[in-house]
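Asker: Below is one structure. I have some questions about it.
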């Protein structure tokens, strides 16, 4: 690619699974010079896809850095966001720290006070839904895999306000194991996952319920409650949200496809599948896109399957998409 | 085990995945002498877990045979059931041929006339729900993995008639690949399944919808419509039905556990998990039992996870349980 | 099973993968009453397949206990063996602590002094090779998966002294992940193992080289050096040793099958496969047996594939086989 | 990428696993216009990564086509190579049809006469070994995954003639399932492969033994015989050759690394790993490169691990590398 002016970018949490994919994408981004990759655990080791070595977080100097990605644990991330803001860096936060609009809702779902309430609210980095509020911004909260995949699957119906308010929105979700992070845990031991399928935090107990409902309500204040059950799948990557909804009586499921076409036909990273096809993980794994299939169960009942790569459109790919919008680069740079 | 009088039993379709598990279970059944294992494809080869060799279906002689299991493709199975009945054999059919109560409903879901309408209706071989109609019978239609797992997950609520009739019963189901049969197909090629998750026949298009609704209606004639989406999981065995239902306003989800305890506390093959635990495939794979977990989402919304081994409680284990009831053996003989 | 006199048995390290399989086997052993299952990590939790709860190691009382299994980390295990001996218990040690015949060889391979040199040597618990020295013994060192599978694959050739001394014995081994233990580690994270295959400790650097060569030399003092490269396989269970050897010029590979038949025809837990068949993991996973296939590459070059379930014949199943020999029970009790 | 003159290229067998990867690579190749993708099975369906639809082989017109790739079954491929030659197309054949230098050796390993003996010999398309004979050629026989991975692992030792002639070269190889092709077969059924590991065609019975030895002998006419046992691994992609060799007494294993560095330091697609690291499938899967690790077992015994993605450096990536050499494009175009 021809030489051009590049912004200087750093990644915190660069050795986690999202961080690794982020570095891989940025390494081929024509408008980005990757200047550091921070990881306390792997400090000193080589960073894949680059000539860098991991540095400790405290050894990073932010002077002259244009933007930082935070792929850090929640709690830690808000602290670093505040520091980077002071240093004049643009911030794309991949953690959950900046996604809730108010300190009160953060406390409700995370059970402790927000460490930097003055930062809230931060624009919600789901470009297909919120693009207008991301262009040129200096801080973005990039959503993770469950909210992204669920919201993309529901967005056209929410925007049109076609869902029956009295009915729950039921989301049966399944995630690859990389979504649980790189730190070894009993639940991510190969022997425990192999040949298994496990629900966890079912119903309304998962923390992402609050975040997803917050965004649903912005689009349709009367939408019904979210029922959300995630499962751990025996695959490394990929996320599926299987969505069951009911339409208001005045709408007809046969008209829903047109809504989705209108919403997504111009979206380079969202693929609406033909009526004859169902979305599967293979449609999206190792890509930065989402795929959606629609099934008209009855006139008023719909089944929607929405899929992403949890580390790409569900994490690092989307974060780069946000960077592109912040700095005025073509939105899909390094993502196609 | 001490020598005792044994019945003479044969298996048709003995080389398929259900047939193989059936032979394995029967080989250690103290009241059974396995006298033949029929398979046109594998005729002449040795039958695992036995001293037999597979024989062609046409080479079987039913004289002196007390009971036959039919693990055959639908269509073929009804023919054999009729022949076996004439020969005086008790029949446990694992295919779908004898599960619909009327030729009309069979034609509706299978798109062709029933080959032996005079056989219908046949008792539905789900002992935990239908035990009284199975004891001593000569022909039983043993249900497969999707109906068994779904119906066990719903049974206490259906029997009590606690479900709100206006609401759909939503079942998001996931099956191991052995459920798709042993014959090689593009959809069961290792490379297609590995790392993937695929919905198929979503909504109300899967043939088992008719069968499951038929049995739901026997328990609760007013229950809402079934919405049923199966998925192919990248595991060899195991089936999960993730069920979302709404209660009538006069009932409270906090009382549901007592319903399930009443239904299943004396059932040796159904395990109701503690409130803190979610059912996973590992609870049941390579066993003949089912496991169920309950999540009270709200006062009226419930999430239920029901799991079986699709080849055991979802096929061959249940078929042997039916045999035991037909012949008066202890019901769990060879199954614990 | 009819009531009978039972010995009282306890398991240390009962929550590890080998310990879990050990408990499962013992739970159905007609001559064993399982009186405790010790696990510091899981103390207080229920023990699968039993009515017990895990107890802390220090809370165990050995009074009245006839035998203990030690499925403990090396180093810890020798300490407990010494204590159990003092308490009058028979000991089956599944760790590597008691497998080397001398403190010197232990120090060579484990880089520290043996904690209880007075216990050495202990009979090597591979019944098919060493049965005569196990009957009635009070302490046995049960070998693990790599030595068991390798030695069973080589035994008939070693005993006959047919191998050319100048040639290395090359063993390319592959193990399921449960062999690496239940404690979460980066190397056993699902995402790291899924879709991968990794050699480790290649050549002569793995600790089991010393142990395997020690036993090889007992059978054939002139045998060549062992070259041994283990690999981590993306499966939960199963171990394959792929063995390449050269015969002395006076022997012919066409006569080797007769050697193996003579060695194994009467062994209930070792299956010599037909010349047309190759041993695979499916031959043995979840069984207590081994399977072996022979390939005559040339007149003097042989390829041997030997497989076991690493947790069964490669660990707990073999340990129970040793117990049976120690106490005079039929050798395969609870193992078929 | 800036517009430039492009050659017109077609792919036969474009719907198989190698064909699919080939199309994916060619779709982003700046010097290639993909003009057809032939597949009798999938004719009419869309071709992934392109705007094309599959056409039947007989419907292809070769006029104006500069080069064709043949990812066809052996036998069929030679026929098409002859036709394409007549039509004036350059040919890169991915089948085994053109790899043997003489009709006699083809008949020896494939048990039937070569369909087009006049085509033989064809340059062997392994650029790291045979680059000088590939530049500017009009027909190349691109080797498959087993020969490529094995020969790259051995090449520096063969070229230097350091291997002891009297000793066999032992290769224990493991392949992902895509190597067995896309057509469903019992051996590639998910349930058969999942959790399993299977040797096949062990010793000297696999057809690739002849091809590998042919190329070994060109480099070192005195090298010992090949002993080669492939295994089917439960992964979709990736191939490992685990190689065990013995050096002549006058050479020392401590000098081998320098040989490999000399051979591969300037090779962009072959990575020699540090002495502390072992080659794993993750080093190469979904890349067009190979990785090699060396273990000095003793002064004269070496263990070498060589890995590739069987569909990339082991098939389609290498075929494109050959195309680049034929037409004078930078050798790694579309491959890094």
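Protein chains in written order, with the working numbering: chain U, 130 to 465; chain B, 130 to 465; chain W, 130 to 465; chain C, 130 to 465.
Glycine included, C-beta positions come from ideal geometry on N, C-alpha and C.
Among W:241, W:177 and W:165, which has the Cα closest to the Cα of residue 198 of chain W?
Answerer: The shortest Cα separation from residue 198 of chain W among W:241, W:177 and W:165 belongs to W:165.
Asker: Establish whether the CB of residue 461 of chain U and some CB of chain W are separated by less than 7 Å.
Answerer: No, because no Cβ of chain W sits closer than 7 Å to the Cβ of residue 461 of chain U.
Asker: When you compare only the Cα positions, how much space is there between residue 343 of chain B and residue 274 of chain U?
Answerer: In a straight line, the C-alpha of residue 343 of chain B is about 38 Å away from that of residue 274 of chain U.
Asker: Rounded to whole angstroms, what is the Cα-Cα separation between residue 363 of chain W and residue 151 of chain B?
Answerer: Cα to Cα, residue 363 of chain W sits roughly 29 Å from residue 151 of chain B.
Asker: Rounded C-beta distance between residue 331 of chain C and residue 432 of chain W? I'm assuming under 8 Å.
Answerer: With 8 Å as the limit, residue 331 of chain C and residue 432 of chain W qualify as a contact, their Cβ atoms being about 5 Å apart.
Asker: Which residues in the same chain as residue 361 of chain W place their Cβ atom closer than 6 Å to its Cβ, once the five residues preceding and following it in sequence are excluded?
Answerer: Correct list, in chain order: 327.
Asker: Going by beta carbon distance, what residues of the same chain come within less than 8 Å of residue 406 of chain B, once the five residues before and after it are set aside?
Answerer: These residues qualify, in order along the chain: 422.
Asker: Please look up how many angstroms separate the CB atoms of residue 191 of chain B and residue 172 of chain B, rounded, as I've assumed it's under 8 Å.
Answerer: Incorrect: roughly 17 Å between the Cβ atoms, too far for contact.
Asker: With a floor of 3 residues, list each beta strand (DSSP E) that falls wholly inside the region 373 to 417 of chain B, ordered by position along the chain.
Answerer: You should have 399 to 401.
Asker: Give the residues of chain C in contact with residue 325 of chain W, contact being defined as C-beta atoms less than 9 Å apart.
Answerer: Per Cβ cutoff of 9 Å: 364, 367, 409, 410, 411 and 414.
Asker: How about residue 257 of chain W and residue 138 of chain W: are their beta carbons less than 7 Å apart?
Answerer: Contact flag unset, no.
Asker: Could you please give the first and the last residue of the uninterrupted beta strand (DSSP E) stretch that includes residue 357 of chain U?
Answerer: Where residue 357 of chain U is concerned, the enclosing beta strand (DSSP E) stretches over 355 to 361.
Asker: How would you label residue 465 of chain C, buried or exposed, when you count the other beta carbons within 10 angstroms and need 16 or more for buried?
Answerer: Classification of residue 465 of chain C: exposed, given that the 10 Å Cβ count is below 16.
Asker: Shorter than 7 Å from the beta carbon of residue 336 of chain U to some beta carbon of chain B?
Answerer: So no, residue 336 of chain U is outside the interface.
Asker: Can you pull the chain W residues whose beta carbon is under 9 Å from the beta carbon of residue 311 of chain U, in chain order?
Answerer: Neighbours of residue 311 of chain U on chain W, chain order: 315, 318, 320 and 321.
Asker: Taking Cβ-Cβ distances below 7 Å as the criterion, which residues of the region 278 to 309 of chain C are in contact with chain W?
Answerer: Those residues of the region 278 to 309 of chain C that come within reach of chain W (Cβ to Cβ, closer than 7 Å) are 297, 299, 301 and 303.
Asker: Pick helix, strand or coil for residue 306 of chain U, following the three-state DSSP scheme.
Answerer: If DSSP states are grouped into helix, strand and coil, residue 306 of chain U belongs with the helices.
Asker: Can you list, in chain order, the residues of its chain whose CB lies under 7 Å from that of residue 135 of chain B, leaving out five sequence neighbours each side?
Answerer: Counting only Cβ-Cβ distances below 7 Å, and skipping sequence neighbours, we find 160, 161 and 162.
Asker: Closest to residue 237 of chain W by C-alpha separation, out of W:409, W:336 and W:378, would be which residue?
Answerer: Nearest C-alpha to residue 237 of chain W: W:336.
Asker: Below 8 Å, can you find three or more Cβ-Cβ pairs linking the region 371 to 391 of chain W to the region 288 to 296 of chain W?
Answerer: Yes: at least three Cβ pairs fall under 8 Å.
Asker: Any idea if residue 241 of chain W is buried or exposed, counting beta-carbon neighbours within 10 angstroms, 16 or more meaning buried?
Answerer: It counts as exposed.
Asker: When DSSP builds the beta bridges, which residues end up paired with residue 315 of chain C?
Answerer: The partner list for residue 315 of chain C (beta bridge, DSSP) is empty, contrary to what the question assumes.
Asker: Do you know offhand how far residue 219 of chain U's Cα is from residue 208 of chain U's?
Answerer: So the two alpha carbons sit approximately 14 Å from each other.
Asker: Report the option in W:374, W:169 and W:278 whose CA atom is closest to the CA atom of residue 409 of chain W.
Answerer: Minimum Cα distance to residue 409 of chain W is reached at W:278.
Asker: Please compile the residues from chain C whose C-beta is within a distance smaller than 7 Å of the C-beta of residue 430 of chain W.
Answerer: Those are 297 and 356, listed as they occur along chain C.
Asker: Would residue 132 of chain U pass as an interface residue toward chain W - the criterion being a Cβ-Cβ separation below 7 Å?
Answerer: Annotation note: pLDDT 49 at residue 132 of chain U (below 50); position unreliable, coordinate value reported separately. False, the Cβ-Cβ gap to chain W never drops below 7 Å.
Asker: Work out the CA separation of residue 224 of chain U and residue 203 of chain U for me, nearest whole Å.
Answerer: Straight-line Cα distance between these residues: approximately 5 Å.
Asker: 7 Å is my cut-off, CB to CB: does residue 235 of chain C come that close to chain W?
Answerer: No, residue 235 of chain C does not count as interfacial toward chain W.
Asker: Rounded to whole angstroms, what is the Cα-Cα separation between residue 130 of chain B and residue 388 of chain B?
Answerer: Confidence in residue 130 of chain B is poor, its pLDDT being 39 and thus under 50, which makes the residue's placement too unreliable to answer from.
Asker: Going by C-alpha to C-alpha distance, which of U:450, U:392 and U:427 sits closest to residue 417 of chain U?
Answerer: Among U:450, U:392 and U:427, the Cα nearest to that of residue 417 of chain U is on U:450.
Asker: Within 7 Å of any Cβ in chain W, is that where the Cβ of residue 424 of chain C sits?
Answerer: So yes, residue 424 of chain C belongs to the interface.
Asker: Using a Cβ-Cβ distance under 7 Å, would residue 445 of chain W count as near chain C?
Answerer: Not one chain C Cβ lies under 7 Å of residue 445 of chain W.
Asker: Return the residue from the list U:213, U:345, U:333 and U:248 that minimises the CA-CA distance to residue 187 of chain U.
Answerer: Comparing Cα positions, the closest option is U:213.
Asker: Quick check on residue 131 of chain W: does DSSP put it in helix, strand or coil?
Answerer: In this prediction, residue 131 of chain W has a pLDDT of 42, which is less than 50 and means its spatial position is unreliable; nothing more can be read from the coordinates.
Asker: Which residues in chain B have a C-beta closer than 9 Å to the C-beta of residue 253 of chain C? List them in chain order.
Answerer: Chain B residues near residue 253 of chain C: none, gap ~28 Å exceeds 9 Å.
Asker: What residues in the region 142 to 175 of chain W bring their beta carbon closer than 8 Å to a beta carbon of chain U?
Answerer: Answer in chain order: 146.
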